[in-house]
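Student:
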Amino acid sequence: MSCGLSVIPVECLQRGERGTIVDISGDERTVHRLNEMGICCGCKITLKRNDSPILVNIDGRDLLLRCGQAAMILVSVGSTTQLI
Amino acid sequence: MTVPGSKSETTGKPAVSGKKTHTSHAIAVIGNPNTGKSTLFNALAGMNAQVGNYPGVTVEKKVGRFRFQGREIQLIDLPGTYSLSPRTADEMVSVRVLLGTQKKAEPIDGVICIVDATNLDRNLYLFSQILDLGIPAILVLNMWDEVLKRDIAIDVQELENRLGVKVVPTSARKGIGLDKLKSEIVSLVENCSKADFIPPKLFPDSFREAKEQLQEEVEKRTGLPLPHFLAERLLLDVHGETEREVLKEDQSLNSFIANLRTELASKDCPIPAIEPRVRYQWVKQTLDGLVTKPEQVLKTKKDTLDQWLTHRFWGPVFFAAIMFLMFQAIYTWAGPLMDAIESLQEMSADFVMDLMAPGALRSLIIDGLIGGVGSVVVFLPQIAILFLFIAILEDCGYMSRAAYIMDRLMTRVGLSGKSFVPLMSSYACAIPGIMATRTIEDRKDRFVTILVAPLMSCSARLPVYLLMINAFIPNDSLFGTWIKTQAIVLFIFYILGAVVAVPIAWLLKKTWFKGEPAPFVMELPSFKLPSIRVVFDRVYDRSKAFVMRAGTLIFLTTVVVWAAGYFPGDHQKLDQVDAQLEGGTIEEGSPAEDQLQEQRRVLAASLLNESFLGRAGHAIEPVVRPLGWDWRIGVGVLASFPAREVIVGTLGTIYSLGGDVDEEDPQLRDRLKSARHSNGEPVFNIPVALSVMVFFALCAQCGATLMVMRRETNSWKWPIFSFTYMTTLAYLGALLTYQIGMLFIKG
Numbered sequence: 001m002s003c004g005l006s007v008i009p010v011e012c013l014q015r016g017e018r019g020t021i022v023d024i025s026g027d028e029r030t031v032h033r034l035n036e037m038g039i040c041c042g043c044k045i046t047l048k049r050n051d052s053p054i055l056v057n058i059d060g061r062d063l064l065l066r067c068g069q070a071a072m073i074l075v076s077v078g079s080t081t082q083l084i
Numbered sequence: 001m002t003v004p005g006s007k008s009e010t011t012g013k014p015a016v017s018g019k020k021t022h023t024s025h026a027i028a029v030i031g032n033p034n035t036g037k038s039t040l041f042n043a044l045a046g047m048n049a050q051v052g053n054y055p056g057v058t059v060e061k062k063v064g065r066f067r068f069q070g071r072e073i074q075l076i077d078l079p080g081t082y083s084l085s086p087r088t089a090d091e092m093v094s095v096r097v098l099l100g101t102q103k104k105a106e107p108i109d110g111v112i113c114i115v116d117a118t119n120l121d122r123n124l125y126l127f128s129q130i131l132d133l134g135i136p137a138i139l140v141l142n143m144w145d146e147v148l149k150r151d152i153a154i155d156v157q158e159l160e161n162r163l164g165v166k167v168v169p170t171s172a173r174k175g176i177g178l179d180k181l182k183s184e185i186v187s188l189v190e191n192c193s194k195a196d197f198i199p200p201k202l203f204p205d206s207f208r209e210a211k212e213q214l215q216e217e218v219e220k221r222t223g224l225p226l227p228h229f230l231a232e233r234l235l236l237d238v239h240g241e242t243e244r245e246v247l248k249e250d251q252s253l254n255s256f257i258a259n260l261r262t263e264l265a266s267k268d269c270p271i272p273a274i275e276p277r278v279r280y281q282w283v284k285q286t287l288d289g290l291v292t293k294p295e296q297v298l299k300t301k302k303d304t305l306d307q308w309l310t311h312r313f314w315g316p317v318f319f320a321a322i323m324f325l326m327f328q329a330i331y332t333w334a335g336p337l338m339d340a341i342e343s344l345q346e347m348s349a350d351f352v353m354d355l356m357a358p359g360a361l362r363s364l365i366i367d368g369l370i371g372g373v374g375s376v377v378v379f380l381p382q383i384a385i386l387f388l389f390i391a392i393l394e395d396c397g398y399m400s401r402a403a404y405i406m407d408r409l410m411t412r413v414g415l416s417g418k419s420f421v422p423l424m425s426s427y428a429c430a431i432p433g434i435m436a437t438r439t440i441e442d443r444k445d446r447f448v449t450i451l452v453a454p455l456m457s458c459s460a461r462l463p464v465y466l467l468m469i470n471a472f473i474p475n476d477s478l479f480g481t482w483i484k485t486q487a488i489v490l491f492i493f494y495i496l497g498a499v500v501a502v503p504i505a506w507l508l509k510k511t512w513f514k515g516e517p518a519p520f521v522m523e524l525p526s527f528k529l530p531s532i533r534v535v536f537d538r539v540y541d542r543s544k545a546f547v548m549r550a551g552t553l554i555f556l557t558t559v560v561v562w563a564a565g566y567f568p569g570d571h572q573k574l575d576q577v578d579a580q581l582e583g584g585t586i587e588e589g590s591p592a593e594d595q596l597q598e599q600r601r602v603l604a605a606s607l608l609n610e611s612f613l614g615r616a617g618h619a620i621e622p623v624v625r626p627l628g629w630d631w632r633i634g635v636g637v638l639a640s641f642p643a644r645e646v647i648v649g650t651l652g653t654i655y656s657l658g659g660d661v662d663e664e665d666p667q668l669r670d671r672l673k674s675a676r677h678s679n680g681e682p683v684f685n686i687p688v689a690l691s692v693m694v695f696f697a698l699c700a701q702c703g704a705t706l707m708v709m710r711r712e713t714n715s716w717k718w719p720i721f722s723f724t725y726m727t728t729l730a731y732l733g734a735l736l737t738y739q740i741g742m743l744f745i746k747g
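Residue numbers (UniProt numbering), protein chains in the order written: chain B, 1 to 84; chain H, 1 to 747.
#1: Starting from the beta carbon of L524/H, find every residue of chain B whose beta carbon is closer than 9 angstroms, and list them in chain order.
#2: Three-state secondary structure (DSSP) at H571/H?
#3: For L690/H, which of I492/H, S722/H, I341/H and F723/H has the nearest alpha-carbon?
#4: Name, please, each residue of chain B whose Cβ falls closer than 9 angstroms to the Cβ of N119/H.
#5: For D662/H, I'd like the list of residues in its chain whose CB is within less than 6 angstroms of its CB, leaving aside the five on either flank, ordered along the chain.
#6: I185/H to A26/H, Cα distance in whole Å?
#7: Based on the DSSP secondary-structure assignment, which residues constitute the bridge partners of L65/B?
#8: Restricting to Cα atoms, I'd like to know which of A45/H, W314/H, A704/H and L607/H is closest to L181/H.
#9: Given a cut-off of 7 angstroms, decide if V77/B and G19/B are closer than it, judged by their beta-carbon atoms.
#10: Take the Cβ of L65/H as the centre, count every other Cβ of all protein chains shown within 10 Å, and call the residue buried at 16 or more, exposed below.
#11: From K166/H to D395/H, what distance separates their C-alpha atoms?
#12: Cβ of P687/H within 7 angstroms of Cβ of G741/H?
#13: Please check if any C-beta of chain B sits within less than 7 angstroms of the C-beta of P316/H.
#14: If you measure beta-carbon to beta-carbon, which residues of the segment 213 to 230 of chain H are closer than 9 angstroms to chain B?
#15: By the 10 Å Cβ neighbour count, where 16 or more other Cβ atoms means buried, how is L622/H classified, buried or exposed?
#16: Ends of the beta strand (DSSP E) at L415/H?
#17: Considering just the uninterrupted stretch of the beta strand (DSSP E) at S94/H, what are its terminal residues?
#18: For A639/H, count neighbouring C-beta atoms within 10 Å of its own C-beta (all shown protein chains included) and say buried if the count is 16 or more, exposed if not.
#19: Could you spell out where the beta strand (DSSP E) holding S457/H opens and where it closes?
#20: Could you give the first and the last residue of the continuous alpha helix (DSSP H) run that contains I383/H?
#21: Starting from A45/H, follow the beta strand (DSSP E) in both directions and report where the run begins and ends.
#22: Compute the beta-carbon to beta-carbon distance between P642/H and T557/H, rounded to the nearest angstrom, for a pair I have assumed lies under 8 angstroms.
#23: Can you say whether Q69/H is buried or exposed, counting buried as having 16 or more other CB atoms within 10 angstroms of its CB?
#24: Taking the C-alpha atoms as reference points, what is the distance between A273/H and M92/H?
#25: How long is the line joining the alpha carbons of L124/H and V111/H, rounded to whole angstroms?
#26: Does the beta-carbon of F723/H have 16 or more other beta-carbons within 10 angstroms, so that it is buried, or is it exposed?
#27: Between the C-alpha atoms of V238/H and S531/H, what's the straight-line distance to the nearest angstrom?
#28: What do you get for M726/H, buried or exposed, if any count of 16 or more other CB atoms within 10 angstroms of its CB means buried?
#29: What residues from chain B crowd round D407/H, counting only those whose CB sits closer than 7 angstroms?
#30: Hey, D59/B and C40/B are a contact pair by Cβ (cut 8 angstroms); roughly how many whole angstroms apart?
#31: Measure the beta-carbon distance from T650/H to V561/H and round it to whole angstroms, keeping in mind my assumption that it falls under 8 angstroms.
#32: Using a Cβ-Cβ cut-off of less than 8 angstroms, list which residues of the segment 2 to 31 of chain B approach chain H; keep chain order.
#33: Ends of the beta strand (DSSP E) at D77/H?
#34: Under 9 angstroms Cβ-Cβ, which residues of chain B neighbour A436/H?
#35: If I'm right that Q486/H touches I495/H with Cβ under 8 angstroms, what's the distance once you round it to whole angstroms?
#36: Are the Cβ atoms of L99/H and P227/H separated by less than 7 angstroms?
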């Protein structure tokens, strides 16, 4: 958690806002599964739709996440904010 | 090398030379979901893939073959997956096939791994696991056309050097790179052996030492050597399938494995987090400087389209519109084709009638074969159109959007959007639908989905609906000329099962399968134009399966029904009357002919009444009477419990035998219209037709579905439960429909 950046759960992003995944917390098997699907720390993630389930874009792929699970994904939001 | 009972022995294809293993090579095909794997498989192997099952599990075994440069290559399709870490027995199959230890699968000579070239950094995760297996491999960069379109640059030559395997760019949809891939596969099987493929060292030394310790320990205790790859999995996958299988052999290994894991964690090698860490690091190193992507375009046309299709309000509206269009199409497009099949059916009946004298064999052919099987086959065009729509929706990526839209609804009954695609495929057939529930990771959600899937209106119900609607629902136009009453009634029956499924799923989730909505992650594949080849392939496969069923199961049932309706009884008099009628001595339309026709009707009806079928029918009549059915419908329904579409054939046979036939109009729907009770009242009216349809909409009349359900739930409890609840629902539903319907008629 470096200075100047705020760390929030992914579903708290604004629609169209982009952040970087800094932590995925949860039981290790689920985290392993998410990792295998390419959801891991350092990924750029954009929130495309904030209904439940939320629709996010990770490195060009659209993924649906249910909030219960998405809550485990923490993102840092910095100056890279952009709107789609 | 060939395992007994393997595919190569059962195909019946003669080997080119005596030793098959020298001319045919097996190659496994694996890849992430949504990488165009099945399109590529079809492009390589063509339409003649053989589909079966691996024993004991629910994984589909799909084998195709092609010849290139004098070599025969067998392709074994494995399910799309993000990773090779087996969590379930089903996922274990892919690993076993790759290791060459799967029953009913030939040892493989190599593997091709298909990745989405636009997303290499994610897809190479799976490929790094494949390299770990140490078998000859080719990396296929599919969707190359997208790479070119998006101005992505990939240094393929350098990638080959770094990976030490052949890398082939392809576009399965556009047919790019296929011959190059085929020739690389041939040279892979010709020139490479397992010794050439040494897995890269990804894991730290401490992990490798622990793995070797584990291999030794397992071999010492169970006497079975543990392959390198499985040892890795055993260590990495906490509560995984490898662990389950090894612990089955020796429970005491549990603490040994746990100790190794704790020890590793203290050496900065936490299980399982170490795996993604080292693999993604390897991917990053491998791709370093090889891929240049232009800054992503922020908003593409596809995004705009997606915004509309998944819109809170317009999304569902569009979905309903598509569904409605589908039912209109089933009615309007299939007409001419159905007419053609019907006239073919009439022609062949006439042909046989001219050829043969009246008797048991002629009756079998005309009433049993042409009347029974023919009345089912007539619905093939409409079923093909249904399959066509579903295949297009699946292939263009719309189905997963629909799952997204439906997730909101599904969570209300306690399921998730993931249940939607299996339920939607159940509209084609509950069997692939139930098998598709494997993508649902949550066990409770999966079971509830399996239990309600047979309520979805499968294609086998379509013939019943169409028969009843064509015969008894007036074909009026509503709102101008375009929308037909018949299409609306069909639409209602199509959603009836889904509507009933809502409270049932809700109840199941409240009682046996209590729990929070499952967490889920689902990928939305990007939109694409459906590939004609893929769509055609699916329609062909499914239509073929329908015709095969009509040709075997339905044929057998109709023959049994015919025999039960024909015997016992002395048909001599009836045959005499028939011979007289056809003899040409009697003038058409003369009073003498009318008299003979009447005599024929009475004779045929009394013969049917006295037959085994008639006696059985009269015995069950009290049960079906409250539903508005006569004994003939009752018998037909009874005979259709193994497979519901049989009803059309059996009704065809029963009404044909019963002599309720106007010879000039031998179509079943007209026979139904003219069917009379003994008191002269018509058997069918709208409430009776609706009652039959409601029964078929809700009843579990499909032996194959129940068998698949048993296999998927691994217990007889759930198929028995489904059968009971659905049959009860069907009876009550039909009862209510008829009784309420009659109030309207009388009122």
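Note that beta-carbon positions come from the ideal geometry of N, C-alpha and C, so glycine has one too. Note that the coordinates shown come from a computational prediction; the quantities given were computed from them, not determined experimentally.
Tutor: Checking against the coordinates, here is how it stands:
#1: In the second sequence, counting from the first residue as 1, residue 524/H sits at position 524. Going along chain B in sequence order, the residues near L524/H (Cβ under 9 angstroms) are L55, R61, D62, L63 and L64.
#2: Residue 571/H sits at position 571 when you count from the first residue of the second sequence. H571/H falls in the coil class under three-state DSSP.
#3: In the second sequence, the residue the question calls residue 690/H occupies position 690. Selected option, being the one with the closest Cα: I492/H.
#4: Walking along the second sequence from the start, residue 119/H turns up at place 119. Within chain B, the residues near N119/H are G38, D59, G60 and R61.
#5: As a first step, residue 662/H is located in the second sequence; it is residue number 662 there, counting from the start. The predicted position of D662/H is uncertain, since its pLDDT is 43 and thus under 50; a value taken from the coordinates is nonetheless stated next. So no residue of the chain qualifies.
#6: Locating residue 185/H in the second sequence gives position 185, where the first residue counts as 1. Locating residue 26/H in the second sequence gives position 26, where the first residue counts as 1. Taking the straight line from one Cα to the other gives about 10 angstroms.
#7: Position 65 of the first sequence, counted from the start, is the residue given in the question as residue 65/B. DSSP lists I54/B and V521/H as partners of L65/B.
#8: Looking up residue 181/H in the second sequence gives position 181. Minimum Cα distance to L181/H is reached at A45/H.
#9: Numbered from its first residue, the first sequence carries residue 19/B at position 19. Numbered from its first residue, the first sequence carries residue 77/B at position 77. Cβ atoms of G19/B and V77/B: closer than 7 angstroms.
#10: Reading the second sequence from its first residue, position 65 is the one you call residue 65/H. According to the sequence displayed, residue 65/H carries Arg and not Leu. Buried, by the Cβ-count rule.
#11: Counting from one through the second sequence, the residue named residue 166/H turns up at place 166. Counting from one through the second sequence, the residue named residue 395/H turns up at place 395. Their Cα atoms are separated by approximately 29 angstroms.
#12: As a working note, residue 687/H is residue 687 in the second sequence. As a working note, residue 741/H is residue 741 in the second sequence. It is a contact, given that the beta carbons lie within the stated cut-off.
#13: Reading the second sequence from its first residue, position 316 is the one you call residue 316/H. Output row for P316/H: interface = no.
#14: none
#15: Taking the second sequence and counting its residues from 1, one reaches residue 622/H at position 622. Checking the sequence, you will find Pro at residue 622/H rather than Leu. The residue in question, P622/H, is exposed, as its Cβ has fewer than 16 Cβ neighbours within 10 Å.
#16: Within the second sequence, numbered from 1, the residue matching residue 415/H stands at position 415. No beta strand (DSSP E) contains L415/H, which DSSP labels as neither H nor E.
#17: Counting from 1 along the second sequence, the entry for residue 94/H is found at position 94. S94/H -> not in any beta strand (DSSP E); alpha helix (DSSP H) instead, spanning A89 to L99.
#18: Working through the second sequence from its first residue, we reach residue 639/H at position 639. A639/H should be labelled buried.
#19: In the second sequence, the residue the question calls residue 457/H occupies position 457. Unbroken run through S457/H: none, as it is neither H nor E.
#20: As a first step, residue 383/H is located in the second sequence; it is residue number 383 there, counting from the start. Unbroken alpha helix (DSSP H) run through I383/H: L380 to D395.
#21: The residue labelled residue 45/H in the question sits at position 45 within the second sequence. Segment K37 to A45 is the alpha helix (DSSP H) holding A45/H; no beta strand (DSSP E) there.
#22: Along the second sequence, read from residue 1 onward, the residue named residue 642/H stands at position 642. Along the second sequence, read from residue 1 onward, the residue named residue 557/H stands at position 557. Correct: roughly 7 angstroms between the Cβ atoms.
#23: As a working mapping, residue 69/H is identified with position 69 in the second sequence. Exposed: under 16 other Cβ atoms inside 10 Å.
#24: What you label residue 273/H is simply residue 273 of the second sequence in a count that begins at 1. What you label residue 92/H is simply residue 92 of the second sequence in a count that begins at 1. For A273/H and M92/H, the distance between alpha carbons rounds to 21 angstroms.
#25: Reading the second sequence from its first residue, position 124 is the one you call residue 124/H. Reading the second sequence from its first residue, position 111 is the one you call residue 111/H. C-alpha separation (whole angstroms): 14 angstroms.
#26: By one-based count along the second sequence, residue 723/H stands at place 723. Answer is buried; the Cβ neighbour count reaches 16.
#27: In the second sequence, counting from the first residue as 1, residue 238/H sits at position 238. In the second sequence, counting from the first residue as 1, residue 531/H sits at position 531. The alpha-carbon atoms of V238/H and S531/H are separated by roughly 40 angstroms.
#28: Counting from one through the second sequence, the residue named residue 726/H turns up at place 726. Its Cβ being crowded by 16 or more others within 10 Å, M726/H is buried.
#29: Here residue 407/H is taken as the residue at index 407 of the second sequence, counted from 1. By Cβ distance, chain B contributes P53.
#30: Working through the first sequence from its first residue, we reach residue 59/B at position 59. Working through the first sequence from its first residue, we reach residue 40/B at position 40. The Cβ separation is near 10 angstroms, so there is no contact.
#31: The residue labelled residue 650/H in the question sits at position 650 within the second sequence. The residue labelled residue 561/H in the question sits at position 561 within the second sequence. That belief holds up - the Cβ atoms of T650/H and V561/H are roughly 5 angstroms apart, short of 8 angstroms.
#32: E28, R29, T30 and V31
#33: Locating residue 77/H in the second sequence gives position 77, counting from the first residue. Per DSSP, D77/H belongs to the beta strand (DSSP E) from R71 to D77.
#34: Here residue 436/H refers to the residue found at position 436 when the second sequence is read from its first residue. In chain order: nothing, as chain B lies at least about 17 angstroms away.
#35: Translated into the one-based positions of the second sequence, residue 486/H becomes position 486. Translated into the one-based positions of the second sequence, residue 495/H becomes position 495. Contact flag wrong, Cβ pair sits at about 16 angstroms.
#36: Sequence index remark: in the second sequence, residue 99/H carries index 99 (1-based). Sequence index remark: in the second sequence, residue 227/H carries index 227 (1-based). Yes; because the gap between Cβ atoms is below 7 angstroms, this pair is in contact.
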